[in-house]
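Student: Could you have a look at this structure, given as structure tokens, before my questions?
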Amino acid sequence: MTESDTVIETYKDRFAEAMMKSAPTPLRLLERGLGCYVWDSDQNQYLDFLGGIAVNSLGHAHPALVDAVSNQVALAAHVSNYFATAPQIELAERLLRLSGAGDDGRVYFGNSGAEAIEAAVKLARRNNQHGRIIALHHGFHGRTMGSLALTAKAALREPFEPMLPGVEHIEATVLAIEAAFAEHQPVAAVVMELIQGEAGVVELDQEFIVRARELTAQHGALLIIDEIQTGAGRTGDWFAFQGAGIVPDAIAVAKGIAGGVPIGALITFGAASDLFTVGQHGSTFGGNPLATAAGNAVLGEIERAGLLENAAFRGGQLKSAILKLQHPLVHEVRGRGLLLGVGLTDDVAHAVAARALDLGLIVNAANDTTIRLAPPLIIGDAEVEIFIDIFARALEEAQ
Ligand SMILES: *Cc1c(COP(=O)(O)O)cnc(C)c1O
537 MTESDTVIET YKDRFAEAMM KSAPTPLRLL ERGLGCYVWD SDQNQYLDFL
587 GGIAVNSLGH AHPALVDAVS NQVALAAHVS NYFATAPQIE LAERLLRLSG
637 AGDDGRVYFG NSGAEAIEAA VKLARRNNQH GRIIALHHGF HGRTMGSLAL
687 TAKAALREPF EPMLPGVEHI EATVLAIEAA FAEHQPVAAV VMELIQGEAG
737 VVELDQEFIV RARELTAQHG ALLIIDEIQT GAGRTGDWFA FQGAGIVPDA
787 IAVAKGIAGG VPIGALITFG AASDLFTVGQ HGSTFGGNPL ATAAGNAVLG
837 EIERAGLLEN AAFRGGQLKS AILKLQHPLV HEVRGRGLLL GVGLTDDVAH
887 AVAARALDLG LIVNAANDTT IRLAPPLIIG DAEVEIFIDI FARALEEAQ
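Following the working numbering, the numbering of the sequence shown begins with 537 at its first residue and continues without gaps.
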């Protein structure tokens, strides 16, 4: 056994003995990152095409984020929500501007995606306490009890039943949503992702999205879009709904907003902004100056460096480069911008991801037949080239 084998065994054993048994076995012990690359405890380098699952928008250790967080922590990391801070107000204003919610919009800050969805569930109840909440089959919205009730996957839900009552799952079809609204009991809200990330980067039909907007508007139900994975510029728009030509009543954001510093937010549009009254929701950490300063730095840098354009351009570049491989295992590339799902013809996604990791590339098997890519928005020609080189080998060697 070499010295590095000992290190690996030690961290895996220590992890297994200290971490809750709900945690899967870690793939590597990572030590540091810079730009689009990370290094493990053996100083092996990896190209990071998962970005902490669509979180590291600016990659690793970006100076804009390092400076903002370092400066803010030296000023005040946290002050309680009895007080306001400048970074908090600035981030709320920025999110209202970028989302187009504008002057009528409002922002609630939490600390994660699930908390943004919890706020959305409470917003739905405020809209209609006796109404159903409609979510989609194959949708993912988080693991806390409220967000889990909206999450479709039975294996995640069943060990924790009974779920929050009043939630119903439907197929993402015009027929199914029309049927849901035809029922006697009203609908309080429809909650959905426009690109279902955990399901394997599956885009909803435009016709269904438009019909969902029409029906919710007609029936006084809220249309709440989960932009936790798609937001912060990842799809080439600030938020995916902007590419779908609709205006929702609320969006939930988290993941990429603060580049790795925990944050979540619910952004309301128009009349939905009046549903909560003083004291009806809150969070100790939510909107603290540390997290919001990080959010300002990340969104500010995305704007300054033109990373929306880069996400759209690199996404197209990656799509055509993957298809150009003409590999028999690849049958399609789904998604938009830098949220891509490579659809495989065989159940080998986990083997491909494992082989890629050994070759120095981090990608994710979202399911047995999908490789999900969510790299930092800063990738350039060099990263696309290295990715294609390693990915082609991983496809070859995983067969
Ligand atoms: C990750 C994710 C969540 C949950 O976010 P957490 O921060 O893990 O709680 C919810 N919805 C979508 C679409 C996500 O991708």
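All C-beta atoms in this analysis are idealised placements derived from N, C-alpha and C, irrespective of residue type, glycine included.
Fair warning: this is a prediction, and the values are worked out from it, not measured in the lab.
Write down every uninterrupted run of the alpha helix (DSSP H) in the segment 674-713 whose length is 4 residues or greater and which is fully enclosed by it, in chain order.
Tutor: Look at the segment 674-713 and you find these whole runs of alpha helix (DSSP H), each 4 residues long or longer: 681-686 and 690-693.
Student: Using a Cβ-based criterion (distance less than 7 angstroms to any ligand heavy atom), does D773 qualify as near ligand 1?
Tutor: no
Student: Apply the 10 Å Cβ neighbour rule to G842 and answer buried if 16 or more other Cβ atoms are within range, or exposed otherwise.
Tutor: exposed
Student: Could you tell me which residues DSSP puts in a beta bridge with V797?
Tutor: G795
Student: Roughly how many angstroms separate the alpha carbons of E704 and I787, rounded to a whole number?
Tutor: Their Cα atoms are separated by approximately 19 angstroms.
Student: Taking the Cβ atom as the reference point for each residue, do L533 and L692 lie within a distance shorter than 8 angstroms?
Tutor: The shown model of the chain, from 537 to 935, leaves out residue 533, and the question about it has no answer.
Student: Give the straight-line distance between the Cα atoms of G588 and P562, rounded to the nearest whole angstrom.
Tutor: 13 angstroms
Student: Mind checking whether the beta-carbon of H673 lies closer than 7 angstroms to any heavy atom of ligand 1?
Tutor: The nearest non-hydrogen atom of ligand 1 is 7 angstroms or more from the C-beta of H673.
Student: Around the C-beta of V878, are 16 or more other C-beta atoms found within 10 angstroms, so that it is buried, or is it exposed?
Tutor: Burial check for V878: the Cβ neighbour count within 10 Å reaches 16 or more, so the residue is buried.
Student: Output the boundary residues of the alpha helix (DSSP H) element that contains L627.
Tutor: A622 to S635
Student: Could you round the C-beta distance between D578 and P911 to whole angstroms and report it? I think they count as a contact, below 8 angstroms.
Tutor: The pair is not a contact, with the Cβ atoms about 23 angstroms apart (cut-off 8 angstroms).
Student: Answer yes or no: the CB of G938 versus the heavy atoms of ligand 1, is any distance below 7 angstroms?
Tutor: With the chain represented from 537 up to 935, any question about residue 938 goes unanswered, as that position is not in the structure.
Student: Below 7 angstroms, is the gap between the Cβ of L604 and the nearest heavy atom of ligand 1?
Tutor: Looking at the sequence shown, residue 604 is not Leu but Ala. No, the beta carbon of A604 sits no closer than 7 angstroms to any heavy atom of ligand 1.
Student: What are the start and end residues of the beta strand (DSSP E) that includes T771?
Tutor: Segment: none, T771 is in no beta strand (DSSP E) and carries neither H nor E.
Student: State the start and end residues of the unbroken beta strand (DSSP E) segment that holds V783.
Tutor: Here V783 belongs to no beta strand (DSSP E), and DSSP marks it neither H nor E.
Student: Can you list, in chain order, the residues of its chain with a C-beta nearer than 8 angstroms to that of A712? Leave out the 5 residues immediately preceding and following it.
Tutor: Counting only Cβ-Cβ distances below 8 angstroms, and skipping sequence neighbours, we find I706.
Student: In the DSSP assignment, what residue or residues form a beta bridge with F938?
Tutor: Outside the shown range of the chain (537 to 935) lies residue 938, about which nothing can therefore be said.
Student: Helix, strand or coil: which one does DSSP assign to Y618?
Tutor: coil
Student: Under 8 angstroms, do G781 and N903 count as touching if we go by C-beta distance?
Tutor: no
Student: Leaving out five residues before and five after L759 in sequence, what residues of the same chain have Cβ atoms less than 7 angstroms from its Cβ?
Tutor: V726, A748, R749, T752, P784 and D785
Student: Indicate, with yes or no, if ligand 1 has a heavy atom lying under 7 angstroms from the CB of K855.
Tutor: no
Student: Please classify E654 as buried or exposed, where buried requires at least 16 other C-beta atoms within 10 Å of its C-beta.
Tutor: With 16 or more other Cβ atoms within 10 Å, it is buried.
Student: Out of curiosity, what's the CA-to-CA distance linking L844 and S635?
Tutor: 14 angstroms
Student: If you follow the alpha helix (DSSP H) that H515 is part of, which residue opens it and which one closes it?
Tutor: Residue 515 lies beyond the stretch modelled for the chain, which goes from 537 to 935, so this question has no answer here.
Student: If you draw a straight line from the C-alpha of Q853 to the C-alpha of L874, how long is it?
Tutor: 10 angstroms
Student: Tell me the rounded alpha-carbon separation between K658 and K791.
Tutor: 21 angstroms
Student: Helix, strand or coil: how does DSSP classify H737 here?
Tutor: Strictly speaking, residue 737 in this sequence is Val, with His absent from that position. Shown here, V737 sits in coil according to DSSP, grouped into three states, outside any helix or strand.
Student: Which residue comes first and which comes last in the beta strand (DSSP E) that contains D576?
Tutor: Y573 to D576
Student: DSSP puts N846 in a beta bridge; with which residues?
Tutor: DSSP lists no partner for N846.
Student: Is the beta carbon of F676 within less than 7 angstroms of some heavy atom of ligand 1?
Tutor: yes
Student: Quick one: grab the DSSP three-state call for N664.
Tutor: DSSP, reduced to helix, strand and coil, places N664 outside both helices and strands of the structure shown, so it counts as coil.
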